[in-house]
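Asks: Letter by letter, the sequence shown follows residues 0 to 398 in numbering that gives the first Met the number 0. All residues carry an ideal CB built from backbone N, CA and C; glycine is no exception. Just so we're clear, the structure is a prediction, and the values are computed from it rather than from any experiment. This structure is in structure tokens; I'll ask about it shortly.
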Amino acid sequence: MSAIYGLVPEARLGGGPLLASLLIIAAFVLGFRVACGRGPRLRHAGERVLILGTSRLAWKVIEEIQGRPELRCIVVGVVDDATPPRGSIVGHPLLGALEDLGRVIDEVRPDRIVVALAERRGRLPIDRLLEARARGILVEDGLGTYERLTGKLALESLTPSSVVFSGSFETACLQAVVARGLGLLVSVVALTVLLPVFGAIALLIKLESRGPVFFIQERVGRAGRSFKLIKFRTMHPAVRRTSEWVRDNSHRITRVGKWLRRFRLDELPQLVNVLLGDMNLVGPRPHPVTNLELLILALRNLGEPTGAAIPYYSLRCAVRPGITGWAQVRYGYANSLEEEIEKIRYDLYYLQHASLSLDLRILFETVKVVLSGRGSADADAGRSGRRARGLEARLGRAA
């Protein structure tokens, strides 16, 4: 084109006509490809999702999509894998059996197929799924979909063998070294800079109530070893033994303590724990020894899906606990056994996907929470304090 313009200057087009011509050509090509079914589908109405299977995991994925309109996803139907067949699942019609998958794909034209079969062995329609991939349809494992949408693990769908032989719960050596180095650097700098803040907080605590400045508690750390966790004291001394949940201790919180807890300032002394090597900046929060024993008892004795967590709970102790963690920024504080078990799902997701980028994201989200004062333990205690204590009742535990 440049050669033609050089030989015949009269053929040179102005900027306006040339731009208009390019836009017309682009619109024509895009329209032709869409008409032929080969172009990108206009997804202003949302991504069309076809669910393959009627398992409990399928229910969870559908409920997650329905409850989050910001995902811009539409469940266009479900392909049944149950025997005998069902009529519908979570309000969505069953469009056919597994052998009808090809016809169903032609009818609903999904953008994504989520495979959530209760049993795959001998039943997975691999040929139809390969054809779908060749047509540009995304095919995704149901577990991967659930994790991507929720940021937590579906404990009910894990098996002991998949955990034992999986390397995804192991922390890379380089990552562990980087995390430890970052923790040392931040703790040394922060303790030096925040020394006047420590003094001011200590003075406020002593002026308001009798007792020590620091609250020191035995927690479970890496490899199950216990250590002494340090926090600023935010409560009056306990008259009688209670659980460690804020729900059962909210009446003991001091005025200064309420303010410290709102902005997470009571956690600052844990920088000393990081310096000593007991903790990292990011990781699963260390459970009090008393709550840990109760939680393990619940997981072993409940005849419910939560019992599936028995082989996996100890994985939390594979890494150093953290001042903040994925469960803290995604869920908040736990004030019941149900909520503790829910947080385990987030902790195991973190262990499976641990990386420096995820740690930085967690730190960034933590700063946002601290500056805003959102999601304090006291607010979360109010959320769960109204719930029935079903798990504790079944364990025969006094509140």
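Check this for me: beta carbons of V75 and V107, under 7 Å apart or not?
Replies: Locating residue 75 in the sequence shown gives position 76, counting from the first residue. Locating residue 107 in the sequence shown gives position 108, counting from the first residue. For V75 and V107, yes; Cβs fall inside 7 Å.
Asks: Secondary structure at R329, three-state DSSP: helix, strand or coil?
Replies: Position 330 of the sequence shown holds residue 329. Here R329 sits in helix by DSSP.
Asks: Can you tell me whether T158 is buried or exposed, with buried defined as 16 or more other CB within 10 angstroms of its CB?
Replies: Position 159 of the sequence shown, counted from the first residue, corresponds to residue 158. Exposed is the call here.
Asks: Exposed or buried, what is D80 when buried is set at 16 or more other beta-carbons lying within 10 Å of its beta-carbon?
Replies: The sequence position of residue 80 within the sequence shown is 81, counting from 1. Classification for D80: buried.
Asks: Which two residues bound the contiguous beta strand (DSSP E) that contains H91?
Replies: Counted from its first residue, the sequence shown places residue 91 at position 92. First-last of the beta strand (DSSP E) with H91: H91 to A96.
Asks: If the criterion is Cβ atoms closer than 7 Å, does the pair R127 and G101 meet it?
Replies: In the sequence shown, counting from the first residue as 1, residue 127 sits at position 128. In the sequence shown, counting from the first residue as 1, residue 101 sits at position 102. Yes.
Asks: Kindly indicate which residue of C316, V281, E364 and L259 has the alpha-carbon position closest to the one of P287.
Replies: The residue given as residue 287 occupies position 288 in the sequence shown. If we check each option's Cα against that of P287, C316 comes out closest.
Asks: Provide the residue span of the alpha helix (DSSP H) that contains L142, from first to last.
Replies: As a first step, residue 142 is located in the sequence shown; it is residue number 143 there, counting from the start. Counting along the chain, the alpha helix (DSSP H) containing L142 begins and ends at G141 to T149.
Asks: Determine the DSSP secondary structure at G461, reduced to helix, strand or coil.
Replies: One cannot answer for residue 461 here, as it falls past the ends of the chain, which runs 0 to 398.
Asks: According to the neighbour-count rule (16 or more other Cβ atoms, all chains shown, within 10 Å of its Cβ), is L137 buried or exposed?
Replies: As a first step, residue 137 must be located in the sequence shown, where it is residue number 138. Flag for L137 reads exposed.
Asks: Can you look up R42 in the DSSP assignment and give me helix, strand or coil?
Replies: Reading the sequence shown from its first residue, position 43 is the one you call residue 42. Only weak support is given to the placement of R42: the predicted model assigns it a pLDDT of 42, under 50, and the value that follows is read from those uncertain coordinates. In this structure, R42 counts as coil in the three-state DSSP scheme.
Asks: Excluding five sequence neighbours on each side, which residues of the same chain lie with their C-beta closer than 7 Å to the C-beta of A131?
Replies: Here the question's residue 131 lines up with position 132 in the sequence shown. Excluding positions up to five away in sequence, the list reads I104, I112 and V138.
Asks: Rounding to the nearest angstrom, what Cα-Cα distance links G276 and D358 in this structure?
Replies: By one-based count along the sequence shown, residue 276 stands at place 277. By one-based count along the sequence shown, residue 358 stands at place 359. Near 17 Å, if we compare the C-alpha coordinates of D358 and G276.
Asks: Could you tell me which residues DSSP puts in a beta bridge with L279?
Replies: Reading the sequence shown from its first residue, position 280 is the one you call residue 279. Checking the sequence shown, residue 279 turns out to be Asn, not Leu. Its beta-bridge partners are G321.
Asks: Taking the CB atoms as reference points, tell me whether G430 and G282 lie closer together than 7 Å.
Replies: With the chain covering 0 to 398 only, the question about residue 430 has no answer from this structure.
Asks: Between S249 and G256, what straight-line distance do the alpha-carbon atoms span, to the nearest angstrom?
Replies: By one-based count along the sequence shown, residue 249 stands at place 250. By one-based count along the sequence shown, residue 256 stands at place 257. C-alpha separation (whole angstroms): 11 Å.
Asks: With a threshold of 16 other CB atoms inside 10 Å of the CB of P268, please say whether the residue is buried or exposed.
Replies: Residue mapping note: residue 268 aligns to position 269 of the sequence shown, counting from 1. Under this definition P268 is a buried residue.
Asks: Whose CA, out of L97, R134, Y145 and E146, lies closest to the CA of R122?
Replies: Counting from one through the sequence shown, the residue named residue 122 turns up at place 123. Looking at the Cα atoms, L97 is the closest of the given residues.
Asks: Once you ignore the five residues that flank K151 on each side, which residues in its own chain have a CB closer than 6 Å to its CB?
Replies: Position 152 of the sequence shown, counted from the first residue, corresponds to residue 151. Closer than 6 Å at the Cβ level, and outside the excluded window around K151, lie R344, Y345 and Y348.
Asks: Any heavy atom of the ligand FAD inside 6 Å of the beta-carbon of A175?
Replies: As for the ligand FAD, it is missing from this structure, which has no ligand bound.
Asks: Where does V77 fall in DSSP's three states?
Replies: Indexing the sequence shown from 1 puts residue 77 at position 78. In this structure, V77 counts as strand in the three-state DSSP scheme.
Asks: Considering only their Cβ atoms, is the gap separating R260 from T289 smaller than 7 Å?
Replies: Along the sequence shown, one-based indexing puts residue 289 at 290. Along the sequence shown, one-based indexing puts residue 260 at 261. No; because the gap between Cβ atoms is not below 7 Å, this pair is not in contact.
Asks: Can you tell me the Cβ-Cβ gap for I64 and A57, rounded? I've got them flagged as a contact below 8 Å.
Replies: One-based indexing of the sequence shown puts residue 64 at position 65. One-based indexing of the sequence shown puts residue 57 at position 58. No, I64 and A57 are not in contact; Cβ-Cβ is about 11 Å, not under 8 Å.
Asks: Please report how far the alpha carbon of V195 lies from the alpha carbon of S160, in whole angstroms.
Replies: Taking the sequence shown and counting its residues from 1, one reaches residue 195 at position 196. Taking the sequence shown and counting its residues from 1, one reaches residue 160 at position 161. The question names Val, but residue 195 in the sequence shown is Pro. Those two C-alpha atoms are separated by around 52 Å.
Asks: For A117 versus S54, is the C-beta spacing smaller than 7 Å?
Replies: The residue given as residue 117 occupies position 118 in the sequence shown. The residue given as residue 54 occupies position 55 in the sequence shown. In contact: A117 and S54 (Cβ atoms closer than 7 Å).
Asks: Counting only the same chain and skipping the five closest in sequence on each side, list residues whose C-beta sits under 7 Å from that of D140.
Replies: Numbered from its first residue, the sequence shown carries residue 140 at position 141. So the qualifying residues of the chain are V114.
Asks: Please list, in chain order, all residues of the same chain as S156 whose beta carbon is under 7 Å from its beta carbon, the five residues on each side excluded.
Replies: Working through the sequence shown from its first residue, we reach residue 156 at position 157. Result list for S156: L56 and L142, in chain order.
Asks: Between I215 and the rest of its own chain, which residues show a CB-CB distance below 6 Å, the 5 nearest in sequence each way excluded?
Replies: As a first step, residue 215 must be located in the sequence shown, where it is residue number 216. Answer for I215: K227 and I229, listed in chain order.
Asks: Could you tell me the alpha carbon to alpha carbon distance between G210 and P68, rounded to whole angstroms?
Replies: Locating residue 210 in the sequence shown gives position 211, counting from the first residue. Locating residue 68 in the sequence shown gives position 69, counting from the first residue. If I take the Cα positions, the gap works out to 50 Å.
Asks: Which residues in the same chain as S186 place their Cβ atom closer than 7 Å to its Cβ, once the five residues preceding and following it in sequence are excluded?
Replies: By one-based count along the sequence shown, residue 186 stands at place 187. Once the five neighbours on either side are set aside, the close Cβ partners of S186 are L270, V273 and L274.
Asks: Should K205 and Y145 be called a contact, given that it needs their Cβ atoms to be closer than 7 Å?
Replies: Numbered from 1 along the sequence shown, position 206 holds the residue referred to as residue 205. Numbered from 1 along the sequence shown, position 146 holds the residue referred to as residue 145. Their beta carbons are not under 7 Å apart, which means K205 does not touch Y145 by this criterion.
Asks: What does the Cβ neighbour count give for F231, buried or exposed, with the cut at 16 atoms within 10 Å?
Replies: Start at 1 with the first residue of the sequence shown, and residue 231 comes out as number 232. F231 comes out buried.
Asks: Tell me V114's beta-bridge partners as DSSP assigns them.
Replies: On the sequence shown, position 115 is the one that residue 114 refers to. Looking at the DSSP assignment, V114 forms a beta bridge with L51 and D140.
Asks: Which value, in whole angstroms, describes the spacing of the CA atoms of P320 and V78?
Replies: Counting from one through the sequence shown, the residue named residue 320 turns up at place 321. Counting from one through the sequence shown, the residue named residue 78 turns up at place 79. For P320 and V78, the distance between alpha carbons rounds to 42 Å.
Asks: In angstroms with no decimal places, state the Cα-to-Cα distance between Q351 and C72.
Replies: The sequence position of residue 351 within the sequence shown is 352, counting from 1. The sequence position of residue 72 within the sequence shown is 73, counting from 1. The alpha-carbon atoms of Q351 and C72 are separated by roughly 26 Å.
Asks: Pick helix, strand or coil for P287, following the three-state DSSP scheme.
Replies: Within the sequence shown, numbered from 1, the residue matching residue 287 stands at position 288. Of the three classes helix, strand and coil, the one that applies to P287 here is strand, per DSSP.
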